[in-house]
Amino acid sequence: MKVIKNTLQMQKIALKHLKDGDEIGLVPTMGALHEGHISLIAKSVKNDDITIVSIFVNPTQFGPNEDYLKYPRPSEKDKEICKKNHVDYVFMPLVNDVFPSDYKTFVEVKTLQDILCGAFRPNHFRGVATVVAKLFNISCADRAYFGMKDFQQLKIVEKMAKDLNFRTKIVPCSIARERNGLALSSRNSYLSVDEKKMSMNISRILREAAKDFRCRNFNSVKKDALDKLKKIPGSKIDYAEIVNFDDLSPTDKNTKKAVFTVAIWIGKTRLIDNVVMIKSRRRVRK
Ligand code: AMP
């Protein structure tokens with residue numbers, strides 16, 4: 018495994034692999050790697066000749082009062098995890114290499130970037146789309162792996178790749194969870210023991226809602242879930258919305274496949290989670 022810190026060097030190496038006929042997989046991350054990231058890496062190692070894991074805490078996707086400075090950066094441990102999981106290249110560029118002081122170009126995915134998390138984190142998805150576009154160009158990836166945990170991010174990256182004619186294919190990956198259901202996240206390390214216990218309720222409530230959605234309308238399912246979410250001690254809900262699976266648009270009575278997506282503060286930690294909801298074809302007996 019090689020650790021590459023320079024964007025030009027990474028691109029040169031990737032171009033050489035491309036020329037040699039290798040298929041390249043990219044796993045973009047901000048580090049503090051956990052089993053969720055490892056599940057993405059495993060898919061790439063299985064599918065691709067070459068796996069590149071990028072580790073970059075991207076300043077352009079953090080707001081001024083967010084956790085950019087305190088975001089965990091256990092780089093030695095991350096490298097060990099990558100090595101153990103058969104990664105070929107860890108790409109760890111410096112901030113001023115990716116975004117030099119005269120940097121000017123940004124990617125925006127209109128509408129999708131402004132709803133859900135975007136309504137609470139202005140410019141967040143502009144930062145995400147921009148860095149992902151750069152990583153696609155630097156890595157020359159045939160495939161890039163994104164977790165469904167960040168569902169809105171996945172949809173935005175899919176749309177950006179389609180609109181801008183990237184040759185990189187986006188591979189969605191299912192959410193890795195703790196045994197108690199809590200979605201794995203680098204930010205879980207901010208939670209106290211008690212807060213972690215409270216956080217476990219989020220996935221349980223979402224699971225119950227998905228079950229209810231099979232035969233009830235989404236307004237009543239959403240209301241029940243919201244009531245339960247509000248009762249989690251120490252919680253503050255940014256949003257809890259059921260949206261269309263394909264394009265995050267509002268659901269209606271014809272919606273067959275939706276996503277219930279939530280962002281909730283537990284104490285000082287903002288957690289996101291979601292569940293896919295599929296309407297049952299069976300009629301419900303009264
Ligand atoms: P991050 O390091 O948080 O920016 O995440 C990097 C990638 O890992 C993103 O595509 C995330 O969606 C994905 N990811 C993070 N947590 C999980 C998880 N629990 N399950 C699956 N994928 C995840």
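Using the numbering used here, the first residue of the sequence shown is number 18, and each one after it goes up by one. Note that the Cβ used here is the ideal one computed from N, Cα and C, for glycine as well.
Identified DSSP bridge partners for residue i
{"i": "Thr286", "result": "Ile283"}
{"i": "Lys186", "result": "Arg160"}
{"i": "Ile173", "result": "In DSSP, Ile173 forms no bridge with anything."}
{"i": "Phe108", "result": "Ile21, Ser71"}
{"i": "Val293", "result": "Val276"}
Beta strand (DSSP E) segment containing residue i, residue limits
{"i": "Lys19", "result": "19-21"}
Range covered by the alpha helix (DSSP H) that runs through residue i
{"i": "Gly144", "result": "141-156"}
{"i": "Ile98", "result": "92-101"}
{"i": "Gly80", "result": "Unbroken run through Gly80: none, as it is neither H nor E."}
{"i": "Gly38", "result": "Counting along the chain, Gly38 falls outside any alpha helix (DSSP H), and DSSP gives it neither H nor E."}
{"i": "Phe137", "result": "134-137"}
Integer-rounded CB distance, given that residue j should sit under 8 Å from residue i
{"i": "Gly220", "j": "Leu201", "result": "Looking at the sequence provided, one finds Ser at residue 220 rather than Gly. The Cβ separation is near 11 Å, so there is no contact."}
{"i": "Asn291", "j": "Phe168", "result": "5 Å"}
{"i": "Cys190", "j": "Ser71", "result": "Rounded, the Cβ-Cβ distance is 16 Å, inconsistent with contact."}
{"i": "Lys179", "j": "Val126", "result": "The pair is not a contact, with the Cβ atoms about 10 Å apart (cut-off 8 Å)."}
{"i": "Gly144", "j": "Thr68", "result": "With a Cβ gap of about 24 Å, Gly144 and Thr68 do not count as contacting."}
{"i": "Leu35", "j": "Ile41", "result": "7 Å"}
{"i": "Gly80", "j": "Arg138", "result": "6 Å"}
{"i": "Met47", "j": "Tyr88", "result": "7 Å"}
{"i": "Phe96", "j": "Val112", "result": "Checking the sequence, you will find Lys at residue 96 rather than Phe. Not really, about 18 Å apart at Cβ, beyond 8 Å."}
Task: Those runs of the alpha helix (DSSP H) which lie wholly inside the segment 40-77 and span at least 4 residues - done: 52-64
Task: Length-filtered (3 minimum) beta strand (DSSP E) runs lying within the segment 193-280 - done: Under the rule that a run must span 3 or more residues, the beta strand (DSSP E) segments found entirely inside the segment 193-280 read 252-261.
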